[in-house]
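Asker: What follows is a single structure, and I will ask about it in a moment.
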Amino acid sequence: MNLHIYKLILCFFTLTFSASSLAQIGKLEKANAKYDKYHYIDAREIYLEVVANGYRSAEVYRKLCDTYYFNSEYAGASKWYYKLLNEFPDDVQPIDYFRAAQCLKSTGELREAERLMETYKAKGGKALTIASYKNVADTLFEKGVDDKLFEIDKISANTEHSDFGPAFYDNKIVFASSDNASENFDSEAVDLAGWDKQPFLDLYQVEVDDEMNLKKVEPLKGDINTKYHESTPVFSKDGNTMYFTRNNFLDGKKRRDKDFVIRLKIYKATKVGDSWGNIKELPFNSDSYSVGHPALNPEENRLYFASDMPGTIGMSDLWYVDILDNDTYSTPVNMGTTINTVARETFPFISTENNLYFSSDGLKGLGGLDIFVTKLNADDHGEIATFGAPINSSKDDFSFIIKEGRIGYFTSNRDGDEGSKSDDIYQIWERCEITIQGPVTDADTGELLPDAEVTLLDSNNEVIQSVILKEDGLFTFNLDCNQQYIIRAKKEGYNPKEEIFETPKNPKTIVMPIVLNMPLTLKVMDPCLPNDLGCKLTLQPIYFDYDKSNIRADAEVELAKILAALKQYPELKIHIESHTDSRGRDAYNLKLSQRRAKSTLQWFYDKGVAKSRLSAKGYGESQLINECANGVDCSEEKHQLNRRSMFIIKD
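Numbering of the sequence shown is given in my numbering, commencing with residue 1 and proceeding in unit increments.
Now the structure itself:
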C-alpha cells in the first residue's frame, strides 16, 4: 500500500486546524498504531468534492467557509460565504455576514464589506460591549500617574499673554485670555491672583472637534466681558447657567477693600438666546475678601470655590456652599486642614466621577502650584494624591479639568519666566491602553486548555498578535481604547471560538474567559477513534424517518462525504455500522438497524462503489453511547445520539 496516498492534511471543518497543528493529536496518538496512516485525510478536499458532485447544504458551505476563515485564507472563504449567503439565505446566521464582511475587507472589496456589515447589524449582530472589569478605576488620572501614560501639548488658542482657566461648555472650551490691546489695561486694578501688570482677562470660547483640534476662538457673547478681569467659569450640564470669577465690578461700578484693592467675586449668569446676561452677584461675596474659581459637583447642588474669607487657614482655602432654592445658598464651609494648608489652595474642579482636582503650593509637590486629586465622599474626602511629572512641574500648574476618560486641560507657566504672562493652556490625553486577559477552558470540564492558540485581530481582520498558551492556559493582550477587536481561539479537538468586542473609552483591565466546546461527534465518541471516518469528516447525524430505512435527502449530503473519500482514496475500505436508540423491542430494533445498514450499503452500490470495498451490519440498541437504555427517561436529543451510523475504516 502506498503510504504517501494517506499522508495528507487533516482539517476538521468545525475544528479548523492548520496543517502544522494537526501533526500532534493527543487522542489519536493513543489509538491503535495500525490506523496512523489515516490521521491525515484532508476533510476540506472531501467537502469540495461533495459540492462538486452536486450535494449542497448550508452546513456544508458553512464548514467550508470556516476552514478557510479560521486559517486566514480569506479569498477562499469569500467564495463560500458568497454561496452560503446567496443559495441558502434562510439558513444564514448574523455571524456569517460579519465573517463574510471581514473576508472582503481583507481582499480589498470595501464597499461590499460595508454593505454586509450593515446587514450584520440590522439582523441583530453587534460587538460585545464589555460591562465588567477587573481593577476598575474612574480614570488613570484618579490616583496619580506616571509620565508614560500621557501626551501633553499646548493648545493652539494660546496667545503671547496670559491664557488660563479652561472650562468645558458643550463641545467647546471656555477660557480666560488677556487681550493684546494695551488700552484695556487699568493700572489701578491689581488683584490677588497674580494677574498684575497684564492686559485684562476676558472669557473666550473655542470649539473642539472629534480629533481634539481647536477651531476659531471667539469672545463669549453677552454681558460677561468688561474692562476688568473675568475668568474661571463653570457651566451647568444643560448649558444655561454659568458661574464665573470677576473683579468686584457690577453695573458699571467697581468697589475696593480698605487697602483699595479690587477683590474677586463669583457671579452667576444665565443664557439668553446665544448670549449671556442676567448677571447676579452671589450673596457670600464681600468687598473685603476674594471669592473665586467656582466649581460644581456632578449633582449641581453644591458650589466649591477658593477664598481668603474669615476662617481661612492659609493664604486661600477651598470652601463650598450648598445651592438652595430661589438663588439662595448655605453658609460657606471650609474644607478643613486635610486639604487646606497655610499656603494657597485654589482652582477646584469636580469631575463627573466626583473627583476633586485642585492646586496647592502648601502640599508636597514639585514646586510652585501643583495639581492634586482626592475622591469626594458626601461631606468628606479620600486620600490626597499628586500627579507628579509631567503634569506638575517646578513652576505653577493649576486649573486642571477633565472629562472622565481620555482628555483634560490645565494651565502652566512652565515654559516662561514672566510669571502669569507665561500662563498657557495645555491639552492632556491618556495613552489609553486596555489590558484584556483570560483563561481558555473546556466547556464541559472547566479545565484549562494549554496549547490552545489565541489570536487578536483588529477591525480590518489584520492579525495583531497570536499566542500559544502555556500550562496556565492564560492569554494577555494590550489594546487601544474605544476600538473594535476580534479574538479567535482554537485547539485540537475543539470547535473554534470567536469573540467580537469593543474596548471601553477608559483604561481598564478586562477579564474575558474563553470557553471552547468539543464537537458533538467528539463528545459522544470520546476519544474519536482514528478509524472512524465519519468522525474525521464531522458528519452530521444520518437520520431515518420513524420506522423507515430509506435514505433521506439530508442524509444523502452526509453520505456524499463518505463517497467523496472513497473516490479520492481508492484503497480505502469501509464497514458501515448502523445503530438505533432503545425505544421499541430489542429484536425489532436489531432488524430495523440491519435494514438501515443495507439501504446505506445499497446507496453506495448505486453510486458505483465496488462491493469489495464495503460491508455493513446493524447492531440495534446493543451499543448505546449514553445512559438511555430501556426504561430510562431521556430527552429526544439524547436518544438521537444513539440513532447513528458509523463508517469504520477497514485495515
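Cβ atoms here follow ideal geometry from the backbone N, Cα and C, with glycine treated the same way.
What residues in its chain sit with their C-beta under 6 Å from that of G222, if we drop five residues either side in the sequence?
Answerer: Counted from its first residue, the sequence shown places residue 222 at position 222. S275, W276 and G277.
Asker: Would you identify the three-state DSSP class for H579, choosing helix, strand or coil?
Answerer: The residue labelled residue 579 in the question sits at position 579 within the sequence shown. If DSSP states are grouped into helix, strand and coil, H579 belongs with coil.
Asker: May I ask you to report which of helix, strand or coil DSSP gives M315?
Answerer: If you number the sequence shown from 1, residue 315 lands on position 315. M315: coil per DSSP, three-state reduction.
Asker: For a test of the three-state rule: what should DSSP assign to A23, helix, strand or coil?
Answerer: The residue you call residue 23 lines up with position 23 of the sequence shown. For A23, the predicted structure reports a pLDDT of 30, less than 50, and the residue's modelled location is therefore unreliable. A value from the coordinates is still provided. Helix, per DSSP.
Asker: Assuming the contact rule is C-beta atoms closer than 8 Å, N642 and S582 should be a hit. Round their C-beta distance to whole Å, please.
Answerer: As a working note, residue 642 is residue 642 in the sequence shown. As a working note, residue 582 is residue 582 in the sequence shown. Right, their Cβ atoms sit about 7 Å apart.
Asker: Nearest by alpha-carbon distance to K611: which of D586, Q640 and L572 is it?
Answerer: Translated into positions along the sequence shown, residue 611 becomes position 611. Out of D586, Q640 and L572, L572 has the C-alpha closest to the C-alpha of K611.
Asker: Please state whether DSSP places A443 in a helix, a strand or coil.
Answerer: Within the sequence shown, numbered from 1, the residue matching residue 443 stands at position 443. Note: A443 maps to coil in three-state DSSP.
Asker: Among residues of its own chain, excluding the 5 on either side of D322, which ones have a beta-carbon nearer than 6 Å to its beta-carbon?
Answerer: Taking the first residue of the sequence shown as position 1, residue 322 is located at position 322. Closer than 6 Å at the Cβ level, and outside the excluded window around D322, lie R302 and S330.
Asker: To the nearest angstrom, how far is the alpha carbon of C535 from that of G76?
Answerer: Your numbering for residue 535 matches position 535 in the sequence shown. Your numbering for residue 76 matches position 76 in the sequence shown. Approximately 24 Å between the Cα atoms of the pair.
Asker: By how many angstroms is the C-alpha of I464 removed from the C-alpha of Q640?
Answerer: Sequence index remark: in the sequence shown, residue 640 carries index 640 (1-based). Sequence index remark: in the sequence shown, residue 464 carries index 464 (1-based). Distance between the alpha carbons of Q640 and I464: 42 Å.
Asker: Is it buried or exposed for L110, if we count other Cβ within 10 angstroms and need 16 for buried?
Answerer: Residue numbering aside, residue 110 sits at position 110 when the sequence shown is read from its first letter. It is exposed - the Cβ of L110 has fewer than 16 other Cβ atoms within 10 Å.
Asker: Could you work out which residue in I262, T338 and V234 is closest to I313 when comparing CA atoms only?
Answerer: The count along the sequence shown starts at 1 and reaches residue 313 at position 313. Among I262, T338 and V234, the Cα nearest to that of I313 is on T338.
Asker: Does DSSP put L539 in a helix, in a strand, or in coil?
Answerer: Reading the sequence shown from its first residue, position 539 is the one you call residue 539. In this structure, L539 counts as coil in the three-state DSSP scheme.
Asker: Pick helix, strand or coil for M512, following the three-state DSSP scheme.
Answerer: In the sequence shown, the residue the question calls residue 512 occupies position 512. The answer is coil: DSSP assigns M512 none of H, G, I, E or B.
Asker: Is it true that the CB of A127 sits closer than 8 Å to the CB of I500?
Answerer: As a position in the sequence shown, residue 500 is number 500, starting the count at 1. As a position in the sequence shown, residue 127 is number 127, starting the count at 1. The answer is yes: Cβ separation under 8 Å.
Asker: Taking all protein chains shown into account, decide if A23 is buried (16 or more other Cβ within 10 angstroms of its Cβ) or exposed.
Answerer: In the sequence shown, counting from the first residue as 1, residue 23 sits at position 23. Caution is warranted here: a pLDDT of 30 is assigned to A23, below 50, making its placement in the model unreliable, and the coordinate value is therefore given only provisionally. Exposed, because fewer than 16 other Cβ atoms sit within 10 Å of the Cβ of A23.
Asker: Taking only the alpha-carbon atoms, compute the straight-line gap between S231 and F410 and give it to the nearest angstrom.
Answerer: Counting from 1 along the sequence shown, the entry for residue 231 is found at position 231. Counting from 1 along the sequence shown, the entry for residue 410 is found at position 410. Straight-line Cα distance between these residues: approximately 14 Å.
Asker: Using the C-alpha atoms, what's the distance from L479 back to K403?
Answerer: Here residue 403 refers to the residue found at position 403 when the sequence shown is read from its first residue. Here residue 479 refers to the residue found at position 479 when the sequence shown is read from its first residue. About 21 Å.
Asker: Which same chain residues end up closer than 7 Å to N589 when comparing Cβ atoms and leaving out the 5 residues on each side of it in sequence?
Answerer: Counted from its first residue, the sequence shown places residue 589 at position 589. The residues are T580, G620 and E621.
Asker: When DSSP labels each residue in this structure, what does R644 get in the three-state scheme?
Answerer: For the purposes of this step, residue 644 is taken as residue 644 along the sequence shown, with counting starting at 1. DSSP places R644 in coil when its eight states are reduced to three.
Asker: From W319 to D238, what does the alpha carbon distance come to, in whole angstroms?
Answerer: As a working note, residue 319 is residue 319 in the sequence shown. As a working note, residue 238 is residue 238 in the sequence shown. Rounded to whole angstroms, W319 to D238 spans 24 Å at the Cα level.
Asker: Please report the distance separating the alpha-carbon of N171 from that of G367.
Answerer: As a position in the sequence shown, residue 171 is number 171, starting the count at 1. As a position in the sequence shown, residue 367 is number 367, starting the count at 1. So the two alpha carbons sit approximately 33 Å from each other.
Asker: Quick one: what's L356 bridged to in DSSP?
Answerer: Translated into positions along the sequence shown, residue 356 becomes position 356. Beta-bridge pairing links L356 to I350 and T374.
Asker: Going by DSSP, what residue range makes up the beta strand (DSSP E) through A452?
Answerer: The residue given as residue 452 occupies position 452 in the sequence shown. Run containing A452: none; DSSP gives neither H nor E here.
Asker: Report the three-state DSSP secondary structure of M1 (helix, strand or coil).
Answerer: The count along the sequence shown starts at 1 and reaches residue 1 at position 1. Reliability of the predicted coordinates at M1 is poor, the pLDDT of 32 falling under 50, and no value is obtained from them.
Asker: Based on the DSSP secondary-structure assignment, which residues constitute the bridge partners of N334?
Answerer: Here residue 334 corresponds to residue number 334 of the sequence shown, with the count starting at 1. BP columns for N334 point to W319.
Asker: Helix, strand or coil for H293 per DSSP?
Answerer: As a working mapping, residue 293 is identified with position 293 in the sequence shown. If DSSP states are grouped into helix, strand and coil, H293 belongs with the strands.
Asker: Assuming I425 contacts F164 under a Cβ cut-off of 8 Å, what Cβ separation, rounded to an integer in Å, is found between them?
Answerer: Position 425 of the sequence shown holds residue 425. Position 164 of the sequence shown holds residue 164. Indeed they touch by this definition, with Cβ atoms about 6 Å apart.
Asker: Whole angstroms are fine: how far does the CA of D210 sit from the CA of D103?
Answerer: Taking the first residue of the sequence shown as position 1, residue 103 is located at position 103. Taking the first residue of the sequence shown as position 1, residue 210 is located at position 210. The question names Asp, yet the displayed sequence has Cys at residue 103. C103 and D210: Cα-Cα distance of roughly 30 Å.
Asker: Have a look at F244 and I266 and give me their C-alpha separation to the nearest angstrom.
Answerer: Locating residue 244 in the sequence shown gives position 244, counting from the first residue. Locating residue 266 in the sequence shown gives position 266, counting from the first residue. If I take the Cα positions, the gap works out to 6 Å.
Asker: Between the Cα of D66 and the Cα atoms of A100, L220 and E87, which residue gives the shortest distance?
Answerer: Counting from 1 along the sequence shown, the entry for residue 66 is found at position 66. Residue A100 is the option with its Cα nearest to D66.
Asker: In angstroms with no decimal places, state the Cα-to-Cα distance between K638 and A378.
Answerer: By 1-based counting over the sequence shown, the position of residue 638 is 638. By 1-based counting over the sequence shown, the position of residue 378 is 378. Computed Cα separation, rounded: 59 Å.
Asker: What does a CB cutoff of less than 6 Å around L192 pick up in its chain, not counting 5 residues either side in sequence?
Answerer: Position 192 of the sequence shown, counting from 1, holds the residue named residue 192. Annotation note: pLDDT 35 at L192 (below 50); position unreliable, no value reported.
Asker: CB I436 to CB P166, shorter than 8 Å?
Answerer: Taking the sequence shown and counting its residues from 1, one reaches residue 436 at position 436. Taking the sequence shown and counting its residues from 1, one reaches residue 166 at position 166. For I436 and P166, no; Cβs fall outside 8 Å.
Asker: If contacts are defined as beta-carbon pairs under 8 Å, then V208 and L214 qualify, I think. What distance do you get, rounded to the angstrom?
Answerer: Residue numbering aside, residue 208 sits at position 208 when the sequence shown is read from its first letter. Residue numbering aside, residue 214 sits at position 214 when the sequence shown is read from its first letter. Yes, V208 and L214 are in contact; Cβ-Cβ is about 6 Å, under 8 Å.
Asker: Would you please state the rounded distance, in angstroms, between the beta carbons of V440 and G473? I believe it to be under 8 Å.
Answerer: Taking the sequence shown and counting its residues from 1, the one referred to as residue 440 is at position 440. Taking the sequence shown and counting its residues from 1, the one referred to as residue 473 is at position 473. That pair is a contact at about 5 Å.
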